[in-house]
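Positions 616 to 863 (the working numbering) are the ones given, in order, by the sequence shown. Using N, Cα and C, we set each Cβ at its ideal position, and we do this for glycine too. Below: one structure, written as structure tokens.
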Amino acid sequence: MSKAITRHYSLITLLFVFLFVLYLLPVVLLQEDAYIFILDNLDGEFSWRVALAEYGMLFDYDANIDAIMNGLPRSMLPGGANLTWSLFYFFKPLTAYSINYVAIHTVAFVGMFVLLKRYFLREEKLHWVAVGTAFCFAILPFHPMFGLATAGLPLVLFAFINLYYRKHLVISYALILLFGLYSALVLIGALIVGILFAAWLFLLFKSRQWHVHLLLGGVLLLLTYLLVEHHFIYTFFLDDAFISHRSE
């Protein structure tokens, strides 16, 4: 490839990166004066995180949160190791919101770009399609409080494809661990784990190969969810004394 073409593709990449940075700048620079999506923050997701941080109950799973539904058991909310919740423990509410917002959109951009460039749009003439698609995906109005549940799907798919081909193993396992800590079992985790193990069984019967790394990646993701959400799982499925607020 000539230097002129390489420079052309580099300029295209820089253009989309510049536009992406412009998209994030208002939240980073304006902080409390920044515009946020009202429809995504009128429900309890934001206020619950603020309440847990203010009452110091992030890791107190035996407590009842009087400020939420007249005494919601702490164990019914996601675990404190979930990054979308722990951010509010270490930072002020709007600072935590801004960090989370920038993080999930950045992961969306990078994840979609590397996925397309490595496995779907590898030809150099399609470079602008890959970076343009990544930009369009990254500026979608993801629900910030749900972490990487949607924004991180390209990145976790990239990681599992790597494991299938036995490439970049350490990085891929680290990405899977990050996704497990930055998403939710009840929102997307159960679906991904189910699809993954179904795909693994299909490949096992089709190729008669164990695909060990693919299996280990699925086990790692499942164990991460179980460790983060173990109090919720115990309370919901095993605690006979618990009565759901949805019961009549």
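Could you check the C-alpha separation between residue i and residue j for me, to the nearest Å?
i      : j      : result
Leu816 : Ser822 : 10 Å
Leu652 : Ser787 : Note that residue 652 is Phe in the sequence shown here, rather than Leu. Roughly 32 Å separates the two Cα atoms.
Asn685 : Leu673 : 18 Å
His783 : Asn777 : 6 Å
Glu844 : Ala799 : 9 Å
His623 : Gly809 : 43 Å
Thr628 : Tyr780 : 27 Å
Phe852 : Leu755 : 35 Å
Pro769 : Phe735 : 12 Å
Phe631 : Ala678 : 47 Å
Val722 : Gly694 : 22 Å
Ala745 : Arg733 : 10 Å
Phe633 : Tyr704 : 32 Å
Phe847 : Leu667 : 15 Å
Gly659 : His828 : 38 Å
Ala766 : His758 : 9 Å
Thr621 : Glu738 : 13 Å
Leu702 : Ala711 : 5 Å
Leu838 : Phe661 : 26 Å
Ile680 : Leu842 : 22 Å
Leu639 : Trp825 : 43 Å
Val785 : Ile683 : 41 Å
Leu741 : Leu687 : 51 Å
Leu645 : Gly747 : 27 Å
Could you spell out where the alpha helix (DSSP H) holding residue i opens and where it closes?
i      : result
Trp743 : His742 to Ala753
Ile683 : Premise fails: Ile683 is in no alpha helix (DSSP H) and is neither H nor E.
Gly694 : Unbroken run through Gly694: none, as it is neither H nor E.
His845 : His845 to Phe852
Ser662 : Gly659 to Tyr670
Tyr563 : No answer is possible for residue 563: it lies beyond the span of the chain, which begins at 616 and ends at 863.
Leu802 : Counting along the chain, Leu802 falls outside any alpha helix (DSSP H), and DSSP gives it neither H nor E.
Pro756 : Run containing Pro756: none; DSSP gives neither H nor E here.
Tyr780 : Leu768 to Tyr780
Going by beta-carbon coordinates alone, are residue i and residue j separated by less than 8 Å?
i      : j      : result
Tyr676 : Arg664 : no
Tyr849 : Gly804 : no
Leu709 : Glu647 : yes
Ile791 : Ala814 : no
Leu830 : Gly795 : no
Phe706 : Ile714 : yes
Leu802 : Ala764 : yes
Val636 : Val717 : no
Gly833 : Tyr797 : no
For residue i, count the other beta carbons within 10 Å of its own beta carbon; 16 or more makes it buried, fewer makes it exposed. Which is it?
i      : result
Ile807 : buried
Met760 : buried
Ile576 : There is no way to answer for residue 576, as the model of the chain reaches only from 616 to 863.
Ser625 : exposed
Gly671 : exposed
Phe820 : exposed
Val771 : buried
Leu692 : buried
Can you determine whether any heavy atom of the ligand MN sits closer than 7 Å to the C-beta of residue i, and answer yes or no?
i      : result
Met691 : With respect to the ligand MN, the structure offers nothing, as it holds no ligand at all.
The segment 693-700 contacting the segment 720-735, beta-carbon criterion three pairs below 8 Å: no
Three-pair Cβ contact test at 8 Å for the segment 744-755 versus the segment 782-800: no
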